[in-house]
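Trainee:
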Amino acid sequence: MQSWAYPVDLALIRSRWEQFVEHRRLDPALDPLVAASWERCFPRLNPHAPPALPCLDEQTLERVRITLFDLIATARPLMEDLHQFTEGSGLALALFDGAACVLDVLGDPEIVRAAEAVGLRPGVYWSEGHVGTNAFALALLERTPVQVVGAEHFVALYHPWVTTAAPIYDLDGQPLGAIGVMAPVERAQPDTMGMVMAAARAIENQLQAATNLQENHQLLAELQAILEAIDQVVLVLNAQGHVIRLNQTAASVLGLDPSKILGRPLTDHIRLPPIFREALSDPQIHREADGALIIDGAPLEGWIGLHAVTEGRRHLGFVLTFRRSEQVHQMVARLVGAQAHMTLADIPGRSRAIQQVRQQARAAARTSLPVLLLGEPGTGKGVLARAIHNASIRAHGPFLVVSCRAIPRELLALELLGVEGGTFRNGPMEGRPGKFELAHGGTLYLDEIEALPLEVQAAILRVLETGEVVRLGGLRPIRVDVRLIASSTANLEDLVAEGHFRADLYHLLASTAIRIPPLRERPEDIPLIAEAVFRRLRRTSGQTYRITEAAMQRLKAYPWPGNVRELENVLERAAALSEDGQIDLPHLPERIVSGLSGGQSLDSIRSMEDLEREAILRAAIQYRGRITAMASALGLSRTTLWRRLKRYGISPSAFRDGQTRRHRG
């Protein structure tokens, strides 16, 4: 019944119904929703007979109610409020699920009993196919509020009634159920439609609010779980600087009782460094720096972060994070400290000289004294330093390397000692730790220590003697536990005599000095070094390599001015040139085959064939086996170049990109 059709003419509606059921003619003035429903019901239902109403058993109905618990729990209080408001007016309120099954009925006892007599009771399906035209089914089917009055019901049993209903939608916009009213037809009112519509919207709003509240609770639970999963101190502050949330790590590390700090100003218990106190007044700030938190008067060193929380232009507060210095050092150890798994047993060689080096290194690894490694370039001082670190009790700590000659002299102090925030004009406000701090609990390796300026040498000596480092521009001493390993290719005694190296630092380092002999003094170690190189190449390329006796003899006879590093480079180059893994004289550099080092001169004139072969090899390496480019560079035709390649047993495919990368790993 449309609202504009009031007042109701029940006799006219009855005549329209009779005209349809007897002659199948629809009055154009009939409500279109009712007319369409009659057309659907006519082939399926007898309008004069009571309908066969399907009903759920009590156990099945209970399962349905449990499934729709949120809907029922939300709708029941609203239905009670409506009943209290309409008490005595002869209305029966009903709640339906999405299939038009009655879930709950509420109203005056007399009207409820009368409604139950015609099937309005829990568990009964009021779908159109079972009951015929009714507002409860149409509201769900047409997804719109509906009122059906008197003979608008297709089945004559319900002509004494008026039904009114409105659909209830879920969060996805699908009908979740319906709320409706059933009353005697003489009580038909257009206002009833507005009442059920308002009730449906109120139920939807409360369901939405309950869902939002549940999502908020879930988000808060997830947030707390995230905070507890973070292994650093986390404090959440509101815009006024009051602590509103913290994790358990914060409580244990800072030694604070959450019940006493929550809701209180942060400054009541914790004093921040000046740059962070200033940042609390800036809602756009994001700052990280090392410093000390003053907690009830006691300093706690670490890495501090302060991040503003905003929503659009609205400032919500800050998140304060803190890592203790020990955590930062452990993080450095995980990232850069355990890169090398080299052990002393992995250093190849069986000569008496290298065995003595291993023995001295084992003795040094058992102490925490500084170690000085001496030797020519390429002898493997860095490898030995890592092996000593891995054999010591500091193996799980960081191993940091500083190349003293690769860093500008004016930056060496900053690199080693660090710098306090705000030290330099126009510089960053955040401080920066030096390598001594980052190597805390581990080993700091200073390569080519002779390149250090005297003033930096003095600073290093002070760190070694006191176990404390003071950053550039800072005043506070920072405790460090670092084992120092230094290396040098120079004669430090001569540098001390010339005044270029501090005598006290030299004597401190030289108390545990290990000299690594050059490769020319231990040629018997060359086969073992070659085996180690081939094992490493096999792991990356899958190719097995072997060297002929003639080639090995030339390797042993060569003086190796570049020591182990030069030998490794030569073997890697030879492996790349070899197609089948067999390394012979043609794969070795000419200087090694002829027995000449870089500084020697020729004793005899080399043949044209040797020179031509060398030129072709160089072109193959430079142009990666591309015949056209090689021929152009050598001034030969492609045909002539192919003949020369065949004569000298050189395969261009060995130099191409893919294979070269595979051989080199």
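So the sequence shown is numbered by numbering that gives the first Met the number 0: it starts at 0 and just counts up by one. Virtual Cβ for every residue (Gly too), placed ideally from N, Cα, C.
Rounded to whole angstroms, what's the CA-CA distance from Met341 to Asn389? Just pull it up for me.
Mentor: As a working note, residue 341 is residue 342 in the sequence shown. As a working note, residue 389 is residue 390 in the sequence shown. Going by the C-alpha atoms only, they are around 7 Å apart.
Trainee: What residue from Val401, Asp345, Glu409 has the CA that sits closest to Ala386's CA?
Mentor: In the sequence shown, counting from the first residue as 1, residue 386 sits at position 387. Among Val401, Asp345, Glu409, the Cα nearest to that of Ala386 is on Asp345.
Trainee: State the beta-bridge partners of Ile546 as determined by DSSP.
Mentor: Against the sequence shown, residue 546 aligns to sequence position 547. Per DSSP, Ile582.
Trainee: Taking Cβ positions, are Gly433 and Glu409 nearer each other than 9 Å?
Mentor: Numbered from 1 along the sequence shown, position 434 holds the residue referred to as residue 433. Numbered from 1 along the sequence shown, position 410 holds the residue referred to as residue 409. Not closer than 9 Å, so no.
Trainee: Just to confirm, are Ser487 and Leu372 a CB contact at a threshold of 9 Å?
Mentor: One-based indexing of the sequence shown puts residue 487 at position 488. One-based indexing of the sequence shown puts residue 372 at position 373. Yes, the pair counts as a contact, with Cβ atoms nearer than the cut-off.
Trainee: Going by Cα to Cα distance, which pick from Arg322, Ala238, Ala384 is closest to Arg312?
Mentor: Residue numbering aside, residue 312 sits at position 313 when the sequence shown is read from its first letter. That would be Ala238, whose Cα lies nearest to the Cα of Arg312.
Trainee: So, is Met607 buried or exposed, given that buried needs 16 or more other C-beta atoms within 10 angstroms?
Mentor: Looking up residue 607 in the sequence shown gives position 608. By the neighbour-count rule (16 or more Cβ atoms within 10 Å), Met607 is not buried but exposed.
Trainee: Identify which residue in Val400, Leu218, Leu255 has its Cα closest to the Cα of Thr442.
Mentor: Taking the first residue of the sequence shown as position 1, residue 442 is located at position 443. The shortest C-alpha separation from Thr442 is found at Val400.
Trainee: Buried or exposed for Asp602, please, with buried defined as at least 16 other CB atoms from any protein chain shown within 10 angstroms of its CB.
Mentor: In the sequence shown, counting from the first residue as 1, residue 602 sits at position 603. Residue placement at Asp602 is poorly supported in this model, since its pLDDT is 44, which falls under 50; the coordinates are not used for a value here.
Trainee: Straight-line CA distance for Gln621 to Thr639?
Mentor: Counted from its first residue, the sequence shown places residue 621 at position 622. Counted from its first residue, the sequence shown places residue 639 at position 640. Approximately 19 Å, taken between the alpha carbons.
Trainee: How about Gly179: is its C-beta nearer than 9 Å to some C-beta of chain C?
Mentor: Structure shown: chain C not included; a single protein chain is present.
Trainee: When you compare each of Glu38, Leu92, Ser88, Leu102 to Leu60 by their alpha carbons, which one comes out closest?
Mentor: The residue labelled residue 60 in the question sits at position 61 within the sequence shown. Answer by Cα proximity: Leu102.
Trainee: Check whether the Cβ atoms of Val479 and Glu467 sit closer than 9 Å, and answer yes or no.
Mentor: Numbered from 1 along the sequence shown, position 480 holds the residue referred to as residue 479. Numbered from 1 along the sequence shown, position 468 holds the residue referred to as residue 467. In this structure, Glu467 lies closer than 9 Å to Val479 by Cβ.
Trainee: Do Gly254 and the ligand FMN come close, with the Cβ less than 8 Å from some heavy atom?
Mentor: The ligand FMN is not part of this structure, which contains no ligands at all.
Trainee: DSSP state of Ala10, grouped into three classes?
Mentor: By one-based count along the sequence shown, residue 10 stands at place 11. In the structure shown, Ala10 sits in a helix (DSSP, three-state: H, G or I).
Trainee: Which ranges would you report for the alpha helix (DSSP H) in the stretch 496 to 583 if only whole runs of at least 4 residues count?
Mentor: As far as the stretch 496 to 583 is concerned, its whole alpha helix (DSSP H) runs of at least 4 residues are 502 to 509, 525 to 540, 548 to 556, 562 to 576.
Trainee: Output the distance between the C-alpha atoms of Cys40 and Thr191, rounded to the nearest integer angstrom.
Mentor: The residue given as residue 40 occupies position 41 in the sequence shown. The residue given as residue 191 occupies position 192 in the sequence shown. Straight-line Cα distance between these residues: approximately 26 Å.
Trainee: Can you have a look at Pro298 and say buried or exposed, based on whether 16 or more other CB atoms are within 10 angstroms of its CB?
Mentor: Translated into the one-based positions of the sequence shown, residue 298 becomes position 299. With fewer than 16 other Cβ atoms within 10 Å, it is exposed.
Trainee: Could you name each continuous beta strand (DSSP E) segment of 3 residues or more that falls completely within the stretch 167 to 220, going from the start of the chain to the end?
Mentor: Taking only runs of at least 3 residues, the beta strand (DSSP E) segments lying wholly in the stretch 167 to 220 are 174 to 183.
Trainee: Counting C-beta neighbours from all protein chains within 10 Å, is the total for Gln338 16 or more, i.e. buried, or is it exposed?
Mentor: For the purposes of this step, residue 338 is taken as residue 339 along the sequence shown, with counting starting at 1. With a pLDDT of 49 at Gln338, under the threshold of 50, the modelled position of that residue is not reliable, and the figure given next carries that caveat. That one is exposed.
Trainee: What residue range does the alpha helix (DSSP H) around Ala363 cover?
Mentor: What you label residue 363 is simply residue 364 of the sequence shown in a count that begins at 1. Per DSSP, Ala363 belongs to the alpha helix (DSSP H) from 351 to 364.
Trainee: Pull up the distance between the alpha-carbon of Glu203 and that of Val235, whole angstroms please.
Mentor: To locate residue 203, count along the sequence shown from 1; it is residue 204. To locate residue 235, count along the sequence shown from 1; it is residue 236. Cα-Cα distance, rounded: 35 Å.
Trainee: Among Val130, Ile477, Leu644, Gly396, which residue has its Cα nearest to the Cα of Glu611?
Mentor: The count along the sequence shown starts at 1 and reaches residue 611 at position 612. When only C-alpha atoms are compared, the closest one is Leu644.
Trainee: When the Cα atoms are used, what is the spatial distance from Ala116 to Leu77?
Mentor: Taking the sequence shown and counting its residues from 1, the one referred to as residue 116 is at position 117. Taking the sequence shown and counting its residues from 1, the one referred to as residue 77 is at position 78. In a straight line, the C-alpha of Ala116 is about 25 Å away from that of Leu77.
Trainee: Using only the alpha-carbon positions, how far apart do Pro517 and Gly541 sit?
Mentor: For the purposes of this step, residue 517 is taken as the residue at position 518 of the sequence shown. For the purposes of this step, residue 541 is taken as the residue at position 542 of the sequence shown. Those two C-alpha atoms are separated by around 31 Å.
Trainee: Is the beta carbon of Pro42 less than 9 Å from the beta carbon of Val154?
Mentor: One-based indexing of the sequence shown puts residue 42 at position 43. One-based indexing of the sequence shown puts residue 154 at position 155. Result no, Cβ atoms of Pro42 and Val154 do not sit closer than 9 Å.
Trainee: Sort Pro174, Trp160, Ala450 by Cα distance to Ala485 and report the nearest one.
Mentor: Counting from one through the sequence shown, the residue named residue 485 turns up at place 486. Ranking Pro174, Trp160, Ala450 by Cα distance to Ala485 puts Ala450 first.
Trainee: Just reading off the beta strand (DSSP E) that Ala485 is part of, what are its end residues?
Mentor: Start at 1 with the first residue of the sequence shown, and residue 485 comes out as number 486. Looking at the DSSP string, the run of the beta strand (DSSP E) that includes Ala485 is 482 to 487.
Trainee: Report yes or no: do three or more beta-carbon pairs, one from the stretch 350 to 366 and one from the stretch 495 to 507, lie closer than 8 Å?
Mentor: These segments do not touch.
Trainee: Please report the straight-line C-alpha distance between Leu507 and Leu570, rounded to a whole angstrom.
Mentor: In the sequence shown, counting from the first residue as 1, residue 507 sits at position 508. In the sequence shown, counting from the first residue as 1, residue 570 sits at position 571. Going by the C-alpha atoms only, they are around 39 Å apart.
Trainee: Classify Thr378: buried if its beta carbon has 16 or more other beta carbons within 10 angstroms, exposed otherwise.
Mentor: Taking the sequence shown and counting its residues from 1, one reaches residue 378 at position 379. With 16 or more other Cβ atoms within 10 Å, it is buried.
Trainee: Report the residue from Arg553, Ala34, Thr66 whose alpha carbon sits nearest the alpha carbon of Ala134.
Mentor: In the sequence shown, counting from the first residue as 1, residue 134 sits at position 135. Among Arg553, Ala34, Thr66, the Cα nearest to that of Ala134 is on Ala34.
Trainee: Assuming Arg431 and Gly417 make a contact with CB atoms under 8 Å, what is their CB distance in whole Å?
Mentor: As a first step, residue 431 must be located in the sequence shown, where it is residue number 432. As a first step, residue 417 must be located in the sequence shown, where it is residue number 418. That pair is a contact at about 5 Å.
Trainee: What is the C-beta distance between Met194 and Leu70, in whole angstroms, given that I count them as a contact (C-beta under 8 Å)?
Mentor: Translated into positions along the sequence shown, residue 194 becomes position 195. Translated into positions along the sequence shown, residue 70 becomes position 71. Not confirmed; about 19 Å, so no contact.
Trainee: Going by DSSP, what residue range makes up the alpha helix (DSSP H) through Gly381?
Mentor: Stepping through the sequence shown from its first residue, residue 381 is reached at position 382. Taken as a continuous stretch (DSSP letters only), the alpha helix (DSSP H) holding Gly381 covers 380 to 390.
Trainee: So what's Gly240 in DSSP terms, helix, strand or just coil?
Mentor: Numbered from 1 along the sequence shown, position 241 holds the residue referred to as residue 240. Gly240 falls in the coil class under three-state DSSP.
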